[in-house]
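Note that our numbering has the sequence shown beginning at 588, numbered continuously upward. C-beta atoms are modelled at their ideal positions from N, C-alpha and C, and glycine is treated no differently.
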Amino acid sequence: MKHLLAILFLIIAATTVSAQTGDAADKPPCALSVTQAPAINGLKLGMTVEQVLARFPGSSEDKIIAAERARAPEKFGAGSFSIIPEKYSTKDEFPGINQFNFRYIDGHIYSLRAAYNGQTWKDVDEFVSKFAADAKLPAAGFWDATPGMEMQQKELKCSDLAITVFASSGVNHIELRDAASEQLLKERRAKAKEAKP
Numbered sequence: 588m589k590h591l592l593a594i595l596f597l598i599i600a601a602t603t604v605s606a607q608t609g610d611a612a613d614k615p616p617c618a619l620s621v622t623q624a625p626a627i628n629g630l631k632l633g634m635t636v637e638q639v640l641a642r643f644p645g646s647s648e649d650k651i652i653a654a655e656r657a658r659a660p661e662k663f664g665a666g667s668f669s670i671i672p673e674k675y676s677t678k679d680e681f682p683g684i685n686q687f688n689f690r691y692i693d694g695h696i697y698s699l700r701a702a703y704n705g706q707t708w709k710d711v712d713e714f715v716s717k718f719a720a721d722a723k724l725p726a727a728g729f730w731d732a733t734p735g736m737e738m739q740q741k742e743l744k745c746s747d748l749a750i751t752v753f754a755s756s757g758v759n760h761i762e763l764r765d766a767a768s769e770q771l772l773k774e775r776r777a778k779a780k781e782a783k784p
């Protein structure tokens, strides 16, 4: 009887380990490219800074945004800015979003982060499921949990695109990133560092 229980325990343990290690292998690779990335309320990766600012009338005159854009060429052609939709006449086009953070290189958006207010999700899978269904993305089971933040953050990694979803106590955000542009910026910084005497 003890041998039978021991064998049964080993079979269950082996099956559990096999299932856990098989999860990553069972996930098909994400084939989405940056051009296929979902839009967030009409905002997409690859848009020019001017196209983004045009969605928020008056934002191009914002002193903070103007100062950041003036410094961008000195920072390897890259810069960033934030927009609070509530400040602009088009705020009704962005319900539930309290802030956007944009990063750009050579005048094009390579990172777009939308911070949502109010909604509380049971866990990140619930938020991922809602976003994935709306954006026609793979279901939550195909997303990778961030180590140490398994209940709050998941990421979908594709060849040149990464999508991160975070949900915790009413603080929620979705971030889209162009991996090729991130790599380009990294290379420019490395070259500049090498060129220093």
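Under 8 Å: do the segment 757-769 and the segment 684-704 share three or more Cβ pairs, one atom per stretch?
yes
Could you give the uninterrupted runs of the beta strand (DSSP E) lying entirely in the segment 673-745, keeping only those of 3 residues or more?
684-692, 695-703 and 740-744
Helix or strand or just coil, what does DSSP make of SER646?
Walking along the sequence shown from the start, residue 646 turns up at place 59. Helix at SER646.
With a threshold of 6 Å on Cβ separation, who are the neighbours of ALA727 within its own chain once the five nearest residues in sequence on each side are excluded?
As a first step, residue 727 is located in the sequence shown; it is residue number 140 there, counting from the start. Counting only Cβ-Cβ distances below 6 Å, and skipping sequence neighbours, we find ASP712, VAL715 and SER716.
I need the straight-line Cα distance from ASP693 to LYS631, nearest angstrom please.
Here residue 693 corresponds to residue number 106 of the sequence shown, with the count starting at 1. Here residue 631 corresponds to residue number 44 of the sequence shown, with the count starting at 1. If I take the Cα positions, the gap works out to 16 Å.
Separation of ASP710 from MET736, as counted between CA atoms:
Looking up residue 736 in the sequence shown gives position 149. Looking up residue 710 in the sequence shown gives position 123. Near 11 Å, if we compare the C-alpha coordinates of ASP710 and MET736.
Contact check, PRO672 vs PHE663, beta carbons under 8 Å
Residue numbering aside, residue 672 sits at position 85 when the sequence shown is read from its first letter. Residue numbering aside, residue 663 sits at position 76 when the sequence shown is read from its first letter. Cβ atoms of PRO672 and PHE663: not closer than 8 Å.
Under the assumption that GLU667 contacts ARG690 (Cβ atoms under 8 Å), give the Cβ distance between them as a whole number of angstroms.
Within the sequence shown, the letter at position 80 stands for residue 667. Within the sequence shown, the letter at position 103 stands for residue 690. Sequence inspection shows Ser at residue 667; the Glu mentioned does not correspond to that position. Yes, they are in contact, since the Cβ atoms of SER667 and ARG690 sit about 4 Å apart, within 8 Å.
Quick one, are the C-beta atoms of VAL752 and LYS744 less than 8 Å apart?
For the purposes of this step, residue 752 is identified with residue 165 of the sequence shown, where counting begins at 1. For the purposes of this step, residue 744 is identified with residue 157 of the sequence shown, where counting begins at 1. Contact flag unset, no.
Check the C-beta distance from SER646 over to TYR675 and give it rounded, since I have them as a contact under 8 Å.
As a first step, residue 646 must be located in the sequence shown, where it is residue number 59. As a first step, residue 675 must be located in the sequence shown, where it is residue number 88. Their Cβ separation, rounded to whole angstroms, is 6 Å, which keeps SER646 and TYR675 in contact under 8 Å.
Based on DSSP bridge pairs, tell me the residues matched to GLU762.
Your numbering for residue 762 matches position 175 in the sequence shown. For GLU762, which the question treats as bridged, DSSP gives the partners ARG700 and THR751.
To which residues of the same chain is SER669 closer than 7 Å at the C-beta, ignoring the five residues directly before and after it?
For the purposes of this step, residue 669 is identified with residue 82 of the sequence shown, where counting begins at 1. Once the five neighbours on either side are set aside, the close Cβ partners of SER669 are GLN686, PHE687 and ASN688.
Which listed residue (TRP730, SER768, ILE652 and ALA732) has its alpha carbon closest to that of ASP747
Your numbering for residue 747 matches position 160 in the sequence shown. Ranking TRP730, SER768, ILE652 and ALA732 by Cα distance to ASP747 puts SER768 first.
Between the Cα of ALA754 and those of LEU619, TRP708, ALA653 and ALA720, spot the shortest distance and give me the residue it belongs to.
Taking the sequence shown and counting its residues from 1, the one referred to as residue 754 is at position 167. Out of LEU619, TRP708, ALA653 and ALA720, TRP708 has the C-alpha closest to the C-alpha of ALA754.
Taking 8 Å as the cut-off, decide whether the C-beta atoms of ALA722 and PRO625 are in contact.
Indexing the sequence shown from 1 puts residue 722 at position 135. Indexing the sequence shown from 1 puts residue 625 at position 38. Cβ distance < 8 Å, so ALA722 and PRO625 count as in contact.
GLY705 and GLY757 closer than 8 Å at C-beta
As a first step, residue 705 is located in the sequence shown; it is residue number 118 there, counting from the start. As a first step, residue 757 is located in the sequence shown; it is residue number 170 there, counting from the start. Yes. Within cutoff.
Please identify the residue among GLY629, GLU655 and ARG775 whose C-alpha is closest to the C-alpha of THR677.
The sequence position of residue 677 within the sequence shown is 90, counting from 1. Checking every option, the nearest Cα to that of THR677 belongs to GLY629.
Going by CA-CA distance only, name the one from LEU771, ILE627, ALA665 and ALA618 that's closest to VAL636.
As a first step, residue 636 must be located in the sequence shown, where it is residue number 49. Out of LEU771, ILE627, ALA665 and ALA618, ALA665 has the C-alpha closest to the C-alpha of VAL636.
CA-CA distance, ALA782 and ALA720?
Within the sequence shown, residue 782 is the residue found at index 195, counting from 1. Within the sequence shown, residue 720 is the residue found at index 133, counting from 1. If I take the Cα positions, the gap works out to 47 Å.
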